[in-house]
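**Student:** Sharing a structure here in structure tokens format.
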Amino acid sequence: MPADPPSENETSRRSCSDPPCDLWSCPTGYLRGSRPNTKRAPPLNPPPAPCTTSILRNGAGYTNTYPDDNDTTSSRGRKRSSSPGSSRNGRSSLSAMERASKFLSTVFEGSEETWAGISSYHKRKSTKGHRSTATLLTFLSLVGIACFFLQSDILDRNGHDEASGERNAERKLKRVAPQDLSNDLPPSEFLDDFDQRRRRAADLPDGTIFDEPAHTRMCRAILPRLDALDAGSSAFPEAIFTESEYVCRDPDAPYTSVMNMMAAQLLSAASENLGLDVKYTHRCAKWEKFCSGNMTTIQFHLPDPISMQSYAFQEGCVDAAALRFICQNSLDAGTNNPEMILFPNSYLDSTSNTCNMQCYFLQVLPWIRTNLRIVATEWLNTVETRALTFWLRNAAEFSHREKDDMEVSVVSLSCANDGCNMSQESCECIFEPLPNWVYAMNIPRSSTNVAIVVTPTCAKFGEGCTLHAQELYHFFHRLYPRADITYNVITSTSSWYMRMITADHLICPPGNGCVLPAMARDAYTYVYEKTSPTIQTWLTCIPNDYLARLTLPVFPALYGDGDCRHLRARMGSWTSDLSLAPSLQYGSPVDGYLGCADANFVSSAEEPYRPPTSYRWDETVWPSCPVDVLSAADLCTAMDRLGLSRILFVGDHTTMTQAVSLASILGQGAGISLDPNVVPNFSKTIACAGTTIGSFELTFIRNDRLEEPGTTPSPGNPNCGQSNQQFCYPWSTDFAQYSRKQLLIVNTGYHWGNDWQGYITNFQNIIGRIDEISAGFALRANDVVMFRTSIPGHKECHLHNGVYGHYGEYCPRIVNGAFWHWWGELPPYNDYAIRIINEWNLLNTVKSGPNIELLDPWFMTILRPDGHLSGSDAGPSCKLQTEECLLYSLPGPVDWWNHLLLPWHRLLHVYSYRLIGVARSKFFPKDMLHQNFREKNEELPDRTGIIPGMKQQQ
Numbered sequence: 001m002p003a004d005p006p007s008e009n010e011t012s013r014r015s016c017s018d019p020p021c022d023l024w025s026c027p028t029g030y031l032r033g034s035r036p037n038t039k040r041a042p043p044l045n046p047p048p049a050p051c052t053t054s055i056l057r058n059g060a061g062y063t064n065t066y067p068d069d070n071d072t073t074s075s076r077g078r079k080r081s082s083s084p085g086s087s088r089n090g091r092s093s094l095s096a097m098e099r100a101s102k103f104l105s106t107v108f109e110g111s112e113e114t115w116a117g118i119s120s121y122h123k124r125k126s127t128k129g130h131r132s133t134a135t136l137l138t139f140l141s142l143v144g145i146a147c148f149f150l151q152s153d154i155l156d157r158n159g160h161d162e163a164s165g166e167r168n169a170e171r172k173l174k175r176v177a178p179q180d181l182s183n184d185l186p187p188s189e190f191l192d193d194f195d196q197r198r199r200r201a202a203d204l205p206d207g208t209i210f211d212e213p214a215h216t217r218m219c220r221a222i223l224p225r226l227d228a229l230d231a232g233s234s235a236f237p238e239a240i241f242t243e244s245e246y247v248c249r250d251p252d253a254p255y256t257s258v259m260n261m262m263a264a265q266l267l268s269a270a271s272e273n274l275g276l277d278v279k280y281t282h283r284c285a286k287w288e289k290f291c292s293g294n295m296t297t298i299q300f301h302l303p304d305p306i307s308m309q310s311y312a313f314q315e316g317c318v319d320a321a322a323l324r325f326i327c328q329n330s331l332d333a334g335t336n337n338p339e340m341i342l343f344p345n346s347y348l349d350s351t352s353n354t355c356n357m358q359c360y361f362l363q364v365l366p367w368i369r370t371n372l373r374i375v376a377t378e379w380l381n382t383v384e385t386r387a388l389t390f391w392l393r394n395a396a397e398f399s400h401r402e403k404d405d406m407e408v409s410v411v412s413l414s415c416a417n418d419g420c421n422m423s424q425e426s427c428e429c430i431f432e433p434l435p436n437w438v439y440a441m442n443i444p445r446s447s448t449n450v451a452i453v454v455t456p457t458c459a460k461f462g463e464g465c466t467l468h469a470q471e472l473y474h475f476f477h478r479l480y481p482r483a484d485i486t487y488n489v490i491t492s493t494s495s496w497y498m499r500m501i502t503a504d505h506l507i508c509p510p511g512n513g514c515v516l517p518a519m520a521r522d523a524y525t526y527v528y529e530k531t532s533p534t535i536q537t538w539l540t541c542i543p544n545d546y547l548a549r550l551t552l553p554v555f556p557a558l559y560g561d562g563d564c565r566h567l568r569a570r571m572g573s574w575t576s577d578l579s580l581a582p583s584l585q586y587g588s589p590v591d592g593y594l595g596c597a598d599a600n601f602v603s604s605a606e607e608p609y610r611p612p613t614s615y616r617w618d619e620t621v622w623p624s625c626p627v628d629v630l631s632a633a634d635l636c637t638a639m640d641r642l643g644l645s646r647i648l649f650v651g652d653h654t655t656m657t658q659a660v661s662l663a664s665i666l667g668q669g670a671g672i673s674l675d676p677n678v679v680p681n682f683s684k685t686i687a688c689a690g691t692t693i694g695s696f697e698l699t700f701i702r703n704d705r706l707e708e709p710g711t712t713p714s715p716g717n718p719n720c721g722q723s724n725q726q727f728c729y730p731w732s733t734d735f736a737q738y739s740r741k742q743l744l745i746v747n748t749g750y751h752w753g754n755d756w757q758g759y760i761t762n763f764q765n766i767i768g769r770i771d772e773i774s775a776g777f778a779l780r781a782n783d784v785v786m787f788r789t790s791i792p793g794h795k796e797c798h799l800h801n802g803v804y805g806h807y808g809e810y811c812p813r814i815v816n817g818a819f820w821h822w823w824g825e826l827p828p829y830n831d832y833a834i835r836i837i838n839e840w841n842l843l844n845t846v847k848s849g850p851n852i853e854l855l856d857p858w859f860m861t862i863l864r865p866d867g868h869l870s871g872s873d874a875g876p877s878c879k880l881q882t883e884e885c886l887l888y889s890l891p892g893p894v895d896w897w898n899h900l901l902l903p904w905h906r907l908l909h910v911y912s913y914r915l916i917g918v919a920r921s922k923f924f925p926k927d928m929l930h931q932n933f934r935e936k937n938e939e940l941p942d943r944t945g946i947i948p949g950m951k952q953q954q
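Residue 252 in the UniProt record's numbering sits at position 252 of the sequence shown, and the numbers go up by one each step.
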């Protein structure tokens, strides 16, 4: 029997040099890899809300004119009898001071064991020589306990609601003295045992308990007033409805509870607009226990009254006829379903594939969204110690990204239905997991924190829910080795909702658990919607403007053409393969220092090829997305299919190595000079017989920082950089004025050191420059632009003659600082670039330039400490003046950067069937998608979403 998963409050920092551990032996909150200055995630529980005594205790500001007080038939309630023999407050007859004195005397006059047990904790925490501090802490703890009794006594005396009369004894939660706790509930249940003591108090002063949500009771009051309004009445007595305890404190169905409250507030606003004077204030705060701040449900945090500022009534919208229609239908159904109030007739008509939106539906969504964002903003301002997360920022301003920004991705697992509660022994929880590749595509590689949050009902009743969460926990540790991975079962629905709303990225399987938070978000939201056999939620009828923020892919998730480029080279390993090695050699040697190791190599029967040239990359999780060896014929076919006539490399020495590698793979490496006294730029023509393009150009322009300072360097005369030691040859004019479609591959990062502000400004300028060029040259909008991530070097590379098996072997050897050329800054630089690229591709709706693709050989290359210019295979004759553990010899690991280009070219031209921003009219029938796969001879995922042949390797 596995142990319980890590608790929500467990956090620790784990060194990458620590031995591997499983889910049960490790605390949550790892910080993996080298992320300089990465901040820890702030506390994620909602803050204690201020206790407004005048409202909670004295009822100030509220009227006692409840329709349920005078009409017992309309309340549909029952009376609660007082507990016989109980005191008014259900408390001990001892005063607070007497109880505190008794407790303190018990401690101070007790045995030595009593005192030792109380103070041992503080003594353990104190250092040698600081026992006086421990004694002081112990005394303060005792004083705090005494204050606890004093506060509880004040609450006993002031907890009486003067406006509504005497409260019966059962309206107060009985507290016992600390020494009696062993005979009562455990501390956790004592504080919040809602499932066992679901009814602590009546909803009305006379003992009435509501069995229905407020909107149902309000409709019963509204319909007679509508009749009177039709008969000519214009004045009505004020009727104020409050929410029931069950709706306010329900910890298991936040969607239904929030919708109940929203429905009641909408009825209140509509009736007030018509002069019916039926009002609603949820007053959920009155159920918060003893002003302790223990407000764990999202219902507690909604404004009271719920703001109607963003709801604009229109002529003919929610008028008397519409209000009668809504209320009558809701009462006739007898289901207390709030959606019948908020979204009447707003379900997809499967026969016509259309939605009856109606004006009130279009008004409701922005209104719900605004109120949830109000709650989230207050939560962030109170709890978060960092700047507001991305969803509250202006996406058009790239400058909001900072070096230490966290990028939080949340995977929310809950029951698809909202009908289970933890007090039940059994319940049908519909849980349908997503396949792992869905998370890999939608959670960016730049995520600093990936949180798996599971609802208690899903963990208890959902078949496979806990197992799926555990598998994801281990899977994410491998997929995001530098991220902080956490797995929590969250009992607080307010914390759950706030995490989903404020996360940078949110991914949810089918169900209503994520629906409301998804509405409140701005971007990067993926809520899978089940469409077979029928669409059963109003989510598919949301207005089109929401689809710019929210992605509604169909479920089961379908693996589409082109998706491999998001998965390849992220999880795999290197394997020595002498049978493949011949195809990894060049037709002609590379001149200069890049080819020195290969030129000096002497083959033997044991080592027919230089070892760094004999490894094959294997995809261990997604073998259907292999990295094949590139050939000239294959690349020509791909270039012809895309209509590309040039590959333009722009970057520093590492980019030049990639360009020389590609030219050599294509048989055009001869004649490329690496002499530092010669301009390094070059261009080669690659013949493509039997293609439409006939040939394409391969061009390299050296620009170490992707800057253009206005001058042109020459060998020995650099022109850019902090100390003017880098070379920045002009490139943008050549790119802009090229007469045909081209592929641009750029990289920057190595020559910025720890100048974060410079890198941020420069990367923004690069994106802006490409967009500016595309606006001035229409042909550039059809180009393909690719950013390659930067790869750190390997410390003491001369000691390595093999590969790393996994990230854990590389992690302890991460280095940073000026001596190591600030290699440790490169992964965060990559993260920043990936975030900006994602925002550019997904959020910028006014750009002129094309989307930017990501070429990411980072993971596969950090596992290659072998093959560097100063590696063990280089030989003494190739020894450089300074150790070079960043650049690689050719052929070698850099060739695989170019092998990654081939499958990318093959799939880029194919439309990906990830249904991003899909409107309801564009939902693809499942059979049509499967037919498309059959036509393209692609393997279909099975029901679990795992491609055939992958299960044994999962």
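Don't be surprised by glycine CBs; every beta carbon is placed ideally from N, CA and C.
(1) Straight-line CA distance for Y593 to L826?
(2) According to DSSP, is E529 helix, strand or coil?
(3) Check whether chain D comes within 7 angstroms of R780, counting only Cβ atoms and requiring the distance to be less than that.
(4) Starting from the Cα of F682, find the closest Cα among L666, T692, T712 and F649 and give me that residue.
(5) Among the residues of its own chain, which have a CB less than 7 angstroms from the CB of V678, if the five just before and after it don't count?
(6) Please check the pair I542 and P517, which I expect to be a contact at CB under 8 angstroms, by giving their CB distance rounded to whole angstroms.
(7) Looking at C-alpha atoms only, which residue of T242, A322 and I298 is the closest neighbour of K279?
(8) For the beta strand (DSSP E) containing W897, list its first residue and its last residue.
(9) Are the beta-carbon atoms of L567 and W622 separated by less than 7 angstroms?
(10) Under the rule that 16 or more other beta-carbon atoms within 10 Å means buried, what is S409, buried or exposed?
(11) Cα separation between E245 and N381?
(12) Does the separation of the CB atoms of L267 and A320 fall below 7 angstroms?
(13) Have a look at the DSSP bridge pairing and note the partners of M786.
(14) Just how far apart, CA to CA, sit P27 and V602?
(15) Hey, out of T457, Q658 and P481, whose CA is closest to V450's CA?
(16) What's the C-alpha gap between G651 and R705?
(17) Where do the ends of the alpha helix (DSSP H) carrying Y246 lie?
(18) Are the CB atoms of C415 and T457 nearer to each other than 7 angstroms?
(19) Run through DSSP, which three-state label would Y832 get?
(20) Is the distance from the Cβ of W823 to the Cβ of P865 below 7 angstroms?
(21) Helix, strand or coil: which one does DSSP assign to K684?
(22) Measure the alpha-carbon distance for E384 versus L302 and round it to whole angstroms.
(23) Checking the sheet assignment: what are the DSSP bridge partners for N703?
(24) Work out the CA separation of A269 and F236 for me, nearest whole Å.
(25) Ends of the alpha helix (DSSP H) at I767?
(26) Helix, strand or coil, according to DSSP, for I646 in the structure here?
(27) Where does the unbroken beta strand (DSSP E) through H566 begin, and where does it stop?
(28) What residue range is occupied by the uninterrupted beta strand (DSSP E) comprising G572?
(29) Using 8 angstroms as the Cβ pair cut-off and three pairs as the minimum, do the region 607 to 626 and the region 691 to 699 touch?
(30) Tell me the DSSP secondary structure of R641 in three-state form.
(31) Starting from Y586, trace the alpha helix (DSSP H) in both directions and tell me its first and last residue.
(32) For I862 and Y810, which I take to be in contact (beta-carbon distance under 8 angstroms), what is that distance rounded to the nearest angstrom?
(33) What is the DSSP secondary structure of K279, counted as helix, strand or coil?
(34) Determine the extent of the beta strand (DSSP E) in which L880 is found, giving its start and end residues.
(35) What residues are listed by DSSP as bridge partners for E619?
(36) For the alpha helix (DSSP H) containing C596, list its first residue and its last residue.
**Tutor:** Working from what's here:
(1) Between Y593 and L826, the C-alpha separation is close to 24 angstroms.
(2) It is a strand residue.
(3) As a matter of chain content, chain D is missing from the structure shown, which is built from one protein chain.
(4) Closest option to F682, Cα to Cα, is F649.
(5) Within the same chain, V678 has close Cβ partners P715.
(6) Cβ atoms of I542 and P517 stay farther apart than 8 angstroms, at about 14 angstroms.
(7) Minimum Cα distance to K279 is reached at T242.
(8) Element bounds for W897: not the beta strand (DSSP E) but the alpha helix (DSSP H), D895 to H899.
(9) With contacts defined by Cβ atoms closer than 7 angstroms, L567 and W622 form a contacting pair.
(10) Burial call: buried.
(11) Those two C-alpha atoms are separated by around 28 angstroms.
(12) The answer is no: Cβ separation not under 7 angstroms.
(13) Note: M786 sits in a beta bridge opposite I745 and E853.
(14) No answer about P27 holds up, because its pLDDT of 32 lies below 50 and its placement is not dependable.
(15) With respect to the C-alpha of V450, the residue from T457, Q658 and P481 having the closest C-alpha is P481.
(16) Distance between the alpha carbons of G651 and R705 is about 7 angstroms.
(17) Annotation: the continuous alpha helix (DSSP H) that includes Y246 extends over E245 to R249.
(18) Contact: yes.
(19) Y832 falls in the helix class under three-state DSSP.
(20) No, they are not a contact pair.
(21) Of the three classes helix, strand and coil, the one that applies to K684 here is strand, per DSSP.
(22) The pLDDT assigned to E384 is 48, lower than 50, so where the model puts this residue is not dependable; a value taken from the coordinates is nonetheless given after this. CA-to-CA, the gap between E384 and L302 works out to about 19 angstroms.
(23) BP columns for N703 point to C728.
(24) Cα-Cα distance, rounded: 15 angstroms.
(25) Annotation for I767: the continuous alpha helix (DSSP H) segment containing it runs W756 to G776.
(26) The sequence as given places Arg at residue 646; Ile does not occur at that position. It is a strand residue.
(27) Per DSSP, H566 belongs to no beta strand (DSSP E) and is neither H nor E.
(28) Unbroken beta strand (DSSP E) run through G572: G572 to S576.
(29) As far as the Cβ criterion goes, the region 607 to 626 does not touch the region 691 to 699, which means the pair count is below three.
(30) In this structure, DSSP gives R641 a helical state, which the three-state scheme calls helix.
(31) Counting along the chain, Y586 falls outside any alpha helix (DSSP H), and DSSP gives it neither H nor E.
(32) Between the beta-carbon of I862 and that of Y810 there is about 5 angstroms, and that keeps the pair under the 8 angstroms contact cut.
(33) In the structure shown, K279 sits in a strand (DSSP, three-state: E or B).
(34) Run containing L880: none; DSSP gives neither H nor E here.
(35) Bridge partners of E619: G572.
(36) From DSSP, the alpha helix (DSSP H) with C596 extends over C596 to N600.
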